[in-house]
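K.L.:
Mapping of the sequence shown onto our numbering: residues 5 to 388, in sequence order.
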Amino acid sequence: MKKPTILLSLLAAPLLLLFAFQYYYHPLPATADLPYIKSSEDKQWFKMKEDAHIAVDELLEKHSTHLGIHAPADWRLYRSEVDDLGMTHDRYQLYYDDIPVEGAELLVHSVQGEVRHFNGCWIPDMQVQMSVALSSDDAIQVALNEVPAQRYAWEDAGAERLLKMVRRDPEATAYPQPELVCYSPTFPRKGAAFKAAYKLIVQAYKPLTRTLLYIDASSGHILDRMELLEHVNTPAIAETRYHGTQSIITDSIAPDSFILYETTRGHGVHTMNLQGSDEPEDAVEFSDEDNYWNNYNDQQDEVATDAHFSAEMTFDFLDQHLGHVGVDGDSMQLLCLVHYGENVVNAFWNGDWCTLGDGDGDLWTPLTSLDVVGHEFGHGVTQN
Numbered sequence: 005m006k007k008p009t010i011l012l013s014l015l016a017a018p019l020l021l022l023f024a025f026q027y028y029y030h031p032l033p034a035t036a037d038l039p040y041i042k043s044s045e046d047k048q049w050f051k052m053k054e055d056a057h058i059a060v061d062e063l064l065e066k067h068s069t070h071l072g073i074h075a076p077a078d079w080r081l082y083r084s085e086v087d088d089l090g091m092t093h094d095r096y097q098l099y100y101d102d103i104p105v106e107g108a109e110l111l112v113h114s115v116q117g118e119v120r121h122f123n124g125c126w127i128p129d130m131q132v133q134m135s136v137a138l139s140s141d142d143a144i145q146v147a148l149n150e151v152p153a154q155r156y157a158w159e160d161a162g163a164e165r166l167l168k169m170v171r172r173d174p175e176a177t178a179y180p181q182p183e184l185v186c187y188s189p190t191f192p193r194k195g196a197a198f199k200a201a202y203k204l205i206v207q208a209y210k211p212l213t214r215t216l217l218y219i220d221a222s223s224g225h226i227l228d229r230m231e232l233l234e235h236v237n238t239p240a241i242a243e244t245r246y247h248g249t250q251s252i253i254t255d256s257i258a259p260d261s262f263i264l265y266e267t268t269r270g271h272g273v274h275t276m277n278l279q280g281s282d283e284p285e286d287a288v289e290f291s292d293e294d295n296y297w298n299n300y301n302d303q304q305d306e307v308a309t310d311a312h313f314s315a316e317m318t319f320d321f322l323d324q325h326l327g328h329v330g331v332d333g334d335s336m337q338l339l340c341l342v343h344y345g346e347n348v349v350n351a352f353w354n355g356d357w358c359t360l361g362d363g364d365g366d367l368w369t370p371l372t373s374l375d376v377v378g379h380e381f382g383h384g385v386t387q388n
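1. Among the residues of its own chain, which have a CB less than 7 Å from the CB of G107, if the five just before and after it don't count?
2. Whole angstroms is fine: what's the gap from L89's alpha carbon to D129's?
3. V185 and P104: beta carbons closer than 9 Å?
4. One question on the structure: do R269 and D220 come within less than 9 Å of each other, judged by their Cβ atoms?
5. By the DSSP assignment, the beta strand (DSSP E) with E62 in it spans what residues?
6. Taking 9 Å as the cut-off, decide whether the C-beta atoms of L338 and G272 are in contact.
7. Between G270 and the ligand ADP, is the CB less than 8 Å from at least one heavy atom?
8. According to the Cβ coordinates, are V377 and A287 closer than 9 Å?
9. Using the Cβ count rule (16 or more neighbours within 10 Å means buried), how would you classify A197?
10. Shortest alpha-carbon distance to E183 belongs to which of G162, E54, A143, T213?
11. Short of 7 Å in beta carbon distance, which residues of its chain neighbour D160, apart from the five on each side in sequence? Order them along the chain.
12. Report the option in Q387, P211, F313 whose CA atom is closest to the CA atom of S251.
13. Counting C-beta neighbours from all protein chains within 10 Å, is the total for A77 16 or more, i.e. buried, or is it exposed?
14. Does the Cβ of Y300 have 16 or more other Cβ atoms within 10 Å, making it buried, or fewer, making it exposed?
15. Going by the beta-carbon positions, is the gap between L399 and Y202 smaller than 9 Å?
16. State the Cα-Cα distance for the pair L371 and N350, rounded to the nearest angstrom.
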């Protein structure tokens, strides 16, 4: 098992990027004297005729109109790569009146400056409603109202320091940075209506979320919302300290990263690591690379799966034998905070979650067994 880490999103491989925008087709007028032909009738993928010798700049300057790109729209280069075969792949973003059109891109593939193929995703002769009434600060307030949280990512000083280090930018922050874009929820389908919109991400740790929002720059309405962290309930095997080998449910947050969180039981079962702190805000995720939790180490992290398994079994007992869904009867999340303080011979219910000490290292071992965890959540039942 790995020590708790901040998990970074994986970037798609360059080969996948090459073909990422070949699936959408919008008819263009047929013209016999053009230097290129369509490679497929159902895709915006074009190849140059054998006798054509067209430079990349010439393609963009002379043929954009035929592709349905008219002022104030224009293509702007933002990345160029050369593959092992010597072919250059230039990627262009479509702008409308100096504002990027979300999702509209053109890829031009050339050899020694001459175009061989080009493909992309765009709507010819697009129209954009460019009314902007909201400021960036207004958009942030709309976003925070849409995604309320107990603790946002930018409120965590440690996470902010780590972000600055990872990005190698002393000004980096998780605080929302609104970007004005042209956006349509129905793009790239025909008839897509574009509007000026603010694009921004709201990230929080309590509850754990990373939400992408598109906000109408005129009305403040939410045009689209996308959850960038997917909570996938994944069966796992745990080698626990007190209960042997057990089946548990975890959350897959990346192909090689799993945490002790699941939502198959009410509003979820969540087990976190206090790392010897007595401050709840210091809690971080336990993580594992292969979802086989044989995490014995000097920190006794194996007891985390005892706590997680015990919380799951407590929920099942209350539900299946007493008809009581969660400790409050209304699916309340069961949260366990493990590794509380140093040499703490105690476990307690604080009215909202269960906190578990590691014992004194002599007569008392970590207090994460089923009888202890069930007892503490029992206080939640009587409380409610």
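Cβ atoms here follow ideal geometry from the backbone N, Cα and C, with glycine treated the same way.
P.N.:
Based on what the coordinates show:
1. C125, F191, P192
2. One C-alpha to the other measures close to 35 Å.
3. yes
4. No, the pair does not count as a contact, with Cβ atoms beyond the cut-off.
5. Counting along the chain, E62 falls outside any beta strand (DSSP E), though it belongs to the alpha helix (DSSP H) covering 60-67.
6. yes
7. As far as ligands go, the structure on display features none, and thus does not contain the ligand ADP.
8. In this structure, A287 does not lie closer than 9 Å to V377 by Cβ.
9. exposed
10. A143
11. The answer, listed in chain order, is Y209.
12. When only C-alpha atoms are compared, the closest one is F313.
13. buried
14. Counting of Cβ neighbours within 10 angstroms places Y300 among the exposed residues, the total staying below 16.
15. The requested residue 399 does not occur in the structure, where the chain is confined to residues 5 to 388.
16. 7 Å
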